[in-house]
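Trainee: Starting off with a structure, shown below.
There are 2 protein chains.
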Amino acid sequence: MKEITLKVEGMSCGHCVSAVEGAVKKLGADGKVDLAGKSVTVKYNEQTVSVDAIKTAIEDQGYDVAK
Amino acid sequence: MKEITLKVEGMSCGHCVSAVEGAVKKLGADGKVDLAGKSVTVKYNEQTVSVDAIKTAIEDQGYDVAK
Numbered sequence: 001m002k003e004i005t006l007k008v009e010g011m012s013c014g015h016c017v018s019a020v021e022g023a024v025k026k027l028g029a030d031g032k033v034d035l036a037g038k039s040v041t042v043k044y045n046e047q048t049v050s051v052d053a054i055k056t057a058i059e060d061q062g063y064d065v066a067k
Numbered sequence: 001m002k003e004i005t006l007k008v009e010g011m012s013c014g015h016c017v018s019a020v021e022g023a024v025k026k027l028g029a030d031g032k033v034d035l036a037g038k039s040v041t042v043k044y045n046e047q048t049v050s051v052d053a054i055k056t057a058i059e060d061q062g063y064d065v066a067k
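If you're matching them up, the sequences are chains A and B in order. With UniProt numbering applied, the first sequence covers 1 to 67. With UniProt numbering applied, the second sequence covers 1 to 67.
Below, the structure is given as structure tokens:
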């Protein structure tokens, strides 16, 4: 398992937290949003999930992920 | 049909808009959120829905409605 913390812009409420964590969960990874810190920390299996896939899943929910 | 505009605090994103408009729709009324204006304008049938019920439905979603 690896862990990465991504900066995410645009999360403003509990619904946003659910949307982002849900998108990460769908990939089989485990995300925890820090709303005040504008970030999400994701634990993932690098054999099955790429960081790019995680970023894309979050962006698909309508949020900007720092490159 | 009557129309009322309620001031609502705490709505911050598209998910909040969906939550509030969805709660109003469940009552059989028609709500339109103005996110920037921090308000929701609701068209409702006063024979079947009370303003109190509308306020309660929005508050149940976790938002403050001005009294």
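Beta carbons are placed, not taken as given, at the ideal position from N, Cα and C, and that holds for glycine. Here the structure is a predicted model, which is why all the values come from computation and not from measurement.
May I ask you to verify whether the region 47 to 64 of chain A touches the region 10 to 28 of chain A, counting CB pairs closer than 8 Å and requiring at least 3?
Mentor: Yes, the region 47 to 64 of chain A touches the region 10 to 28 of chain A.
Trainee: What residue does the alpha helix (DSSP H) around Ser18 (chain A) start on, and which one ends it?
Mentor: Your numbering for residue 18 (chain A) matches position 18 in the first sequence. Element bounds for Ser18 (chain A): 14 to 26.
Trainee: Nearest to Ile58 (chain B) by CA position, among B:Ala36, B:Met11, B:Lys2, B:Met1, is which residue?
Mentor: Residue numbering aside, residue 58 (chain B) sits at position 58 when the second sequence is read from its first letter. Of the candidates B:Ala36, B:Met11, B:Lys2, B:Met1, the one whose C-alpha sits nearest the C-alpha of Ile58 (chain B) is B:Met11.
Trainee: Apply the 10 Å Cβ neighbour rule to Ala23 (chain B) and answer buried if 16 or more other Cβ atoms are within range, or exposed otherwise.
Mentor: What you label residue 23 (chain B) is simply residue 23 of the second sequence in a count that begins at 1. So Ala23 (chain B) counts as buried.
Trainee: So, are the CB atoms of Asp64 (chain B) and Val20 (chain B) less than 8 Å apart?
Mentor: In the second sequence, residue 64 (chain B) corresponds to position 64, counting from 1. In the second sequence, residue 20 (chain B) corresponds to position 20, counting from 1. Going by C-beta atoms, Asp64 (chain B) is not nearer than 8 Å to Val20 (chain B).
Trainee: Are the CB atoms of Gly31 (chain B) and Val49 (chain B) nearer to each other than 8 Å?
Mentor: Working through the second sequence from its first residue, we reach residue 31 (chain B) at position 31. Working through the second sequence from its first residue, we reach residue 49 (chain B) at position 49. No, the Cβ-Cβ distance between Gly31 (chain B) and Val49 (chain B) is not below 8 Å.
Trainee: Cβ atoms of Leu6 (chain B) and Val33 (chain B): under 8 Å apart, would you say?
Mentor: Position 33 of the second sequence, counted from the start, is the residue given in the question as residue 33 (chain B). Position 6 of the second sequence, counted from the start, is the residue given in the question as residue 6 (chain B). Cβ distance not < 8 Å, so Val33 (chain B) and Leu6 (chain B) don't count as in contact.
Trainee: From what residue to what residue does the alpha helix (DSSP H) around Val51 (chain A) run?
Mentor: The count along the first sequence starts at 1 and reaches residue 51 (chain A) at position 51. From DSSP, the alpha helix (DSSP H) with Val51 (chain A) extends over 51 to 60.
Trainee: List, in chain order, every chain A residue whose beta-carbon is nearer than 7 Å to that of Ser12 (chain B).
Mentor: The residue given as residue 12 (chain B) occupies position 12 in the second sequence. Those are Ser12, Cys13, listed as they occur along chain A.
Trainee: Can you find a C-beta in chain A that's less than 8 Å from the C-beta of Ala57 (chain B)?
Mentor: Looking up residue 57 (chain B) in the second sequence gives position 57. Closer than 8 Å: no.
Trainee: Quick check: is the beta carbon of Ala36 (chain A) nearer than 8 Å to any beta carbon in chain B?
Mentor: On the first sequence, position 36 is the one that residue 36 (chain A) refers to. False, the Cβ-Cβ gap to chain B never drops below 8 Å.
Trainee: Out of A:Ala36, A:Tyr44, A:Ser18, A:Asn45, which has the shortest C-alpha to C-alpha gap to Gly62 (chain A)?
Mentor: If you number the first sequence from 1, residue 62 (chain A) lands on position 62. That would be A:Ser18, whose Cα lies nearest to the Cα of Gly62 (chain A).
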